[in-house]
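With the sequence shown counted from 1, adding 1302 to any position gets you the numbering used here.
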Amino acid sequence: MGIKELLLNGKGFLELLKQFSIEANDVKIQDEEVILSDQILQHKDILKESICIEGRNKEGIVNLFGTLHYNLLSKLAVFEMQGFEKVAVV
């Protein structure tokens, strides 16, 4: 199961997307493959990683910056947002 799917299981992340009018299908975790394939994951149960989540809405692109807290054993993920930027579609 990918990070996006785990985040979408939580109500907090869904509420965050609603605030920016972003649909779940329009979300992309940047470098998700790299995070999940990292050799360090073989020796850790819990991951804490700075990430960028890109979402699209009617106005353009919204980049959400923050920290991903990911528990491999429990299959839980939490996103702690620290900032965002909006990029208008021209």
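Using N, Cα and C, we set each Cβ at its ideal position, and we do this for glycine too. All of these numbers come straight from a predicted model, not from anything done at the bench.
Nonlocal neighbours in the same chain, by C-beta distance under 7 Å from residue i, ignoring five residues either side
i: residue 1331; result: 1305, 1306, 1353, 1355
Exposure label - residue i; buried when at least 16 CB within 10 Å
i: residue 1348; result: exposed
i: residue 1391; result: exposed
Contact set for residue i: own chain, Cβ-Cβ below 8 Å, skip 5 residues either direction
i: residue 1369; result: 1350, 1351, 1352, 1353, 1381, 1382, 1384
Spatial neighbours of residue i in its chain, beta-carbon cut-off 6 Å, leaving aside the 5 residues before and after
i: residue 1328; result: 1357, 1358
i: residue 1379; result: 1305, 1308, 1309, 1372
i: residue 1389; result: 1362, 1363
i: residue 1366; result: 1355, 1383, 1386
Segment limits, beta strand (DSSP E) that includes residue i
i: residue 1314; result: Element bounds for residue 1314: not the beta strand (DSSP E) but the alpha helix (DSSP H), 1313–1321.
i: residue 1400; result: Because the chain is modelled from 1303 through 1392, residue 1400 falls outside the range shown and cannot be assessed.
Chain B within 8 Å of residue i, Cβ atoms only
i: residue 1316; result: Judged by its chain identifiers, the structure shown contains no chain B, having just a single protein chain.
Residue range of the alpha helix (DSSP H) that includes residue i
i: residue 1307; result: 1305–1310
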